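What follows is the structure in structure tokens.
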């Protein structure tokens, strides 16, 4: 049998088995193309994920979680200084935040009160008296002064040895606490208790 006959025999065998040159080639091409496209998509997805994970990590660390401003600084500071048992480092950081808030909003009575409390917590009693005297005037209503102003003002006065003034301020605090609003306020009652305890010392 010659080569031409062998080729014809092979062709006939392929036809009998259901294959032909016309069908085999497109199937192979389609499989290759699909595989290449799938691989390209996987590589592209992985590359995009890695790029997002590594894109300027320093910038991501420095980006604030919320917009910063006097209200945010005041809130962050107040969460620390209202407590009696924070660490010195925490009080120092809270003081910095309160100072920044006051620089941005110098006539805000609530923010001034936070600064005065922060100054008291770090032992800057003379500054606390000056700040709380101002915040008391700004925060006062027809029902009297705010307990947070009076409590820390009394304690700062006491720490400076101005015990007569401190007792008078504490008495004013007792009067304010008779109002139902403050009598039911747990934080205000806590400040009253701290002031009473402090003025018993020395």
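Residue numbers (the working numbering): 37 to 238. Ideal placement from N, C-alpha and C gives every residue a C-beta, glycine not left out. As the structure is a prediction and not an experimental result, all values here were calculated from the model.
Residue range of the unbroken alpha helix (DSSP H) whose run includes residue i
i, result
"residue 216", "216-219"
"residue 146", "145-157"
"residue 225", "222-236"
Spatial neighbours of residue i in its chain, beta-carbon cut-off 8 angstroms, leaving aside the 5 residues before and after
i, result
"residue 140", "105, 106, 109"
"residue 120", "230"
"residue 136", "106, 109"
"residue 124", "158"
"residue 191", "156, 202, 230, 231, 234, 235"
"residue 174", "143, 144, 145, 148"
"residue 215", "179, 180"
"residue 75", "none"
Cβ shell of residue i (< 7 angstroms), same chain only, five flanking positions each side left out
i, result
"residue 162", "196"
"residue 130", "113, 116, 117, 154"
"residue 157", "117, 127"
"residue 194", "202, 234, 235"
"residue 133", "109, 112, 113"
"residue 183", "209, 212, 213, 218, 224, 227, 228"
"residue 170", "148"
"residue 72", "none"
"residue 205", "186, 189, 190, 193"
For residue i, three-class secondary structure by DSSP
i, result
"residue 197", "coil"
"residue 122", "coil"
"residue 111", "helix"
"residue 105", "coil"
"residue 140", "helix"
"residue 191", "helix"
"residue 160", "coil"
Residues sharing a beta bridge with residue i, DSSP
i, result
"residue 180", "177"
Proximal residues to residue i (C-beta, below 6 angstroms), its chain only, five neighbours per side dropped
i, result
"residue 61", "Because residue 61 sits at a pLDDT of 43, beneath the cut-off of 50, its placement in the model cannot be relied upon, and the following sentence gives the value as read from the coordinates. Excluding positions up to five away in sequence, the list is empty."
"residue 168", "152, 185, 188, 189"
"residue 180", "212"
"residue 122", "116"
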